[in-house]
Amino acid sequence: MSLKKLHIQTIGCQMNVYDSDKIAQGLDPMGYRLTDSPDKADMIIVNTCAIREKAVQKVFSYLGRVAGLKQARPDLIIGVGGCVAQQEGDRILQRAPYVDLVFGTHAIGRLPALVARIETERQRVVDVAMGTCIEEPDGAVMPRGETEVSRFVTIMHGCDNFCTYCVVPYVRGRESSRQPDHILDEIRGLVDTGVREVTLLGQNVNSYGQKEGLPDFTSLLEKINDIEGLKRIRFTTSHPKDLSEKLIGAFGILDKLCHHIHLPVQSGADRILKKMNRNYTSSQYLDKITKLRHTCPDIAITSDIIVGFPGETEREFTATLDLIATVGYDGLFAFKYSDRPNAPATRFTDKVDEHVKDQRLQKVLELQEKITIAKNRALVGQTRAVLVESYRLKPASGTGEAGTGQWTGRTSTNKIVHMPAAEAGPGQADPIDKGFLIPVLIKKAFAHSLWGLPDGSGARTACGPKGESSHAA
Ligand code: SAH
Ligand code: SF4
Ligand code: F3S
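Start counting at 1 in the sequence shown, then tack on 838, and there's your number in my numbering.
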């Protein structure tokens, strides 16, 4: 078997990052090995996102760039997968005549067969069939070359919530949960390759297993918590409407569960939440925040906000700003509302002007920046447990600190922390390494990261898998 080079360009959410790993894993037995360079690739796969118009534009502008490579090397295979592939199907072949393969979100298991057809028959192939269940890729996990400390694990596919602005139910299909044994085997396999943290992915992890009559999400978390060698568990996303008391309780019980929840509110105005089909009110949402903080006082809370949903008045937008200030989020992702094919809100008539959306987005970002900086500054002088994830040679600019290199990791509350690497003397190794969970004294706070010093005394071994709260100074 001759070896060939595969370049995967991933656009979109964590689920696409996970799917890209599965794509690479599926094509590996056919001789495809990953390359960072599209210029050297025998096959380029673009894994696409359809969540907003901007994401779709990004896909076609990337495809425009690789078209030139195909002209120079007609044997190059160009494939388009993911959510835009699912949405557009063979229309992509018309719009981008140099594309050889279009495969949808449920076709990843069939990808090797599709590629084999292209290799032998040299004809263009489209597979956007959607079944109720997605074939399980085999349990084996492929290390990504260098040891990775943190990896995503998809635990459920699709979504049944049909928020009126959202394309996901149409491009990812109906909700279905993976078997707990498959998930646990996959995580054990990852831990064997050096992974120390997993982020469990689903559009609404709270309904994990419900349709299939499987043990619920909290039971799954309990089993994952028992996996030896794993240090941290994260998950995303939990829909506020069914964030259960049981799951809230898990933050007080499970020692590996990180003290962070991403709980997208979208809007602070009840009329808009209703039009979005979110099925909660702002006061029900705030009630859940209170309970979370009661159970886990240092929990970091982040959210998604949509500004300029059809019909959103100035007063309703102010209600969103008020809610942001009341909660005091640790971080926010804010988006301008964007019409999506099939999504009901596209047919709502009272659209908000683009420049009003721009202004509102700006206001949200400015407010949040102030809150984030204040929250980060409050950590200066405190010690937090940091899981070390990566090393690079230059210290962060602006710190003014000299050093040979820099380690980067995250707190349990998902804050990025940079640390200077120790100058290792002759015969001495740097006392830190990837995958270590170490206490770090936070010295400086920035808008998007913290800077700290590993807390001397070699207390690393004393630092168990418990969240950072046990190490607070
Ligand atoms: N399942 C997750 C969201 C996944 S999509 C949840 O329910 O929380 C990620 C975010 O994209 C959403 O939370 C929303 O804020 C944003 N988004 C989705 N559709 C959008 C649209 N049409 N316009 C603008 N933002 C959108
Ligand atoms: Fe989209 Fe709503 Fe499903 Fe999230 S819960 S993926 S926003 S439909
Ligand atoms: Fe985008 Fe599909 Fe994820 S639309 S956000 S890549 S589920």
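Backbone N, C-alpha and C define an ideal beta-carbon position, used for all residues, glycine too.
Considered as a whole, the stretch 1139-1201 harbours 1152-1165 as its complete alpha helix (DSSP H) runs of no fewer than 4 residues, in chain order.
Approximately 4 Å separates the beta-carbon atoms of M994 and G1040; this is inside 8 Å, confirming the contact. Apart from sequence neighbours up to five positions away, the residues of its chain that approach V1165 with a beta-carbon distance below 6 Å are I1127, ordered along the chain.
Rounded to the nearest angstrom, the gap between the Cα atoms of R1248 and L949 is 35 Å. Cβ atoms of I1280 and R1222 come within 8 Å of each other, at about 6 Å. According to the DSSP assignment, D1136 belongs to no beta strand (DSSP E), since it is labelled neither H nor E. For A1138 and D928, the gap between their C-alpha atoms comes out near 43 Å. Relative to ligand 3, the beta carbon of I889 is positioned inside 7 Å of a heavy atom. C921 has its CB no nearer than 7 Å to any heavy atom of ligand 1. Close CB contacts of K1069 within its chain, under the 7 Å cut and outside five residues either way in sequence, are with R1034, E1035, K1094, L1225, L1275 and P1303 (chain order). For V1043, no alpha helix (DSSP H) segment is defined, and its DSSP state is neither H nor E. Distance check between N1252 and each of N1044, L1288 and L865 places L1288 closest, using alpha-carbon atoms only. Each residue's CA atom was taken as its position, placing I1270 and V855 some 28 Å apart. The nearest non-hydrogen atom of ligand 3 is 7 Å or more from the C-beta of N1214.
DSSP places K1253 in the coil class of the three-state scheme, outside both helix and strand. Each residue's CA atom was taken as its position, placing D1054 and R1072 some 16 Å apart. Counting along the chain, H1100 sits inside the beta strand (DSSP E) bounded by residues H1098 to H1100.
The way I'd put it, the stretch 1098-1110 does touch the stretch 1134-1154; three or more beta-carbon pairs between them come closer than 8 Å. Note on A879: 16 or more other CB atoms within 10 angstroms of its CB, so buried under the neighbour-count rule. With contact defined as three or more Cβ pairs closer than 8 Å, the stretch 1083-1091 and the stretch 1001-1015 are not in contact.
For Y900, the enclosing alpha helix (DSSP H) begins and ends at E891 to A910. Where Y1229 is concerned, the enclosing beta strand (DSSP E) starts and stops at T1221 to R1230. Closest option to I930, judged by alpha-carbon separation, among Q1048, E1207, V987 and V894: V894. In the three-state reduction of the DSSP assignment, G1290 falls in the strand class. Cβ atoms of I915 and M881 come within 8 Å of each other, at about 4 Å. Where L844 is concerned, the enclosing beta strand (DSSP E) starts and stops at K842 to T848. G864 is positioned such that its CB atom lies closer than 8 Å to that of I946. When the five nearest sequence neighbours on each side are left out, the beta carbons in the same chain lying within less than 6 Å of the beta carbon of S1228 are those of T1246, in order along the chain. In this structure, DSSP gives A1088 a helical state, which the three-state scheme calls helix. Each residue's CA atom was taken as its position, placing A1157 and V897 some 34 Å apart.
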